[in-house]
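**Q** In the working numbering, the protein residues as written are 148 to 352.
In this text, a Cβ means the ideal position worked out from N, Cα and C, and glycines have one as well.
Supplied in structure tokens, the structure appears directly below.
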């Protein structure tokens, strides 16, 4: 088993926000206040005879320092100073918001079992499961603009046959065919990979 904790403070953290007069472009600005990122990560491995199990989890939290800016998707008007605002319906303080694509919780587990055949071949079934909690695709955290990405659970499995230096595998990904958005390039939403099946061949030399 392994476990670790971390706490990071970023000074002059670069914040990428769209240009108000051209949302297709973006700009980088230094956040004048500290941005924090902290959490705990743990992993474990177990081998019991022909059974192998690997698992890991991560808990993390991120928080931007106070930083005023405007979201061109909701309108731009008036004065919006990076450090002082003032706070209005269009000039918003991103302080406390999470970093983009930074889920608070992730977990993965994988288990496989080697079945030994009389001729020396090996049949190995394997199952994987991963969970990713909800996350934000932009710093503005605007649900009405689809900034929030829902949690997702992905189940996969493989069945491998090893004969000498040759391994053939039948695999499946996203077996439950969960429909989810993996990224958001507002207003474009990118769909996650659908259910997939395939066969792979591996030859060792």
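(1) Where does residue 209 fall in DSSP's three states?
(2) Can you grab the Cα-Cα spacing for the pair residue 175 / residue 226, in whole Å?
(3) Does DSSP classify residue 336 as helix, strand or coil?
(4) Is the distance from the Cβ of residue 298 to the Cβ of residue 280 below 7 Å?
(5) Less than 7 Å separating the beta-carbons of residue 190 and residue 257?
(6) Beta-carbon of residue 340 versus every beta-carbon of chain C: anything under 7 Å?
(7) Please tell me whether residue 282 and residue 302 are closer than 7 Å, where the distance is taken between their beta carbons.
(8) Counting Cβ pairs closer than 8 Å, one from the region 209–216 and one from the region 172–186, do we hit at least three?
(9) From residue 289 to residue 231, what distance separates their C-alpha atoms?
(10) Which of the three DSSP states, helix, strand or coil, is assigned to residue 269?
(11) Only counting the same chain, and skipping five residues up and downstream in sequence, which positions put a Cβ closer than 7 Å to that of residue 347?
(12) Report whether the distance from the Cβ of residue 181 to the nearest heavy atom of the ligand ATP is below 6 Å.
(13) DSSP on residue 316, reduced to helix/strand/coil?
(14) Determine the DSSP secondary structure at residue 298, reduced to helix, strand or coil.
(15) Cα-Cα, which of 204, 208, 238 is closest to residue 220?
(16) In chain order, what residues of the same chain have a beta carbon less than 6 Å from the beta carbon of residue 203, not counting five sequence neighbours either side?
(17) In whole angstroms, give me the CA-to-CA distance for residue 336 and residue 344.
(18) On a Cα-Cα basis, can you pick out the residue from 309, 246, 216 that is closest to residue 208?
(19) Is residue 148 helix, strand or coil when you go by DSSP?
(20) Looking at the strands, I want to know which residues DSSP matches up with residue 188.
(21) For residue 333 and residue 292, which I take to be in contact (beta-carbon distance under 8 Å), what is that distance rounded to the nearest angstrom?
(22) Confirm, please, whether the CB-CB distance from residue 277 to residue 259 is below 7 Å.
**A** Quick look at the numbers:
(1) For residue 209, the secondary structure class from DSSP, reduced to helix, strand or coil, is strand.
(2) Distance between the alpha carbons of residue 175 and residue 226 is about 19 Å.
(3) Note: residue 336 maps to strand in three-state DSSP.
(4) Residue 298 places its beta carbon less than 7 Å from that of residue 280.
(5) No, Cβ-Cβ distance for residue 190 and residue 257 is not below 7 Å.
(6) Protein chain content of the structure displayed is limited to a single chain, and chain C is not contained in it.
(7) Contact: no.
(8) Output reads yes: the region 172–186 touches the region 209–216.
(9) Here the alpha carbon of residue 289 sits roughly 22 Å from the alpha carbon of residue 231.
(10) In the structure shown, the three-state DSSP call for residue 269 is strand.
(11) Taken in chain order, the residues that qualify are 316, 318.
(12) As far as ligands go, the structure on display features none, and thus does not contain the ligand ATP.
(13) Strand.
(14) In the three-state reduction of the DSSP assignment, residue 298 falls in the coil class, being assigned neither a helical nor a strand state.
(15) Cα-wise, what sits closest to residue 220 is 238.
(16) The beta carbon of residue 203 sits closer than 6 Å to those of 190, 255, all from its chain and outside the five residues before and after it, given in chain order.
(17) Taking the Cα positions, residue 336 is about 24 Å away from residue 344.
(18) Residue 246 is the option with its Cα nearest to residue 208.
(19) Coil at residue 148, not helix or strand.
(20) In the DSSP assignment, residue 188 is bridged to 151, 205.
(21) So it is a contact: roughly 6 Å between Cβ atoms.
(22) For residue 259 and residue 277, no; Cβs fall outside 7 Å.
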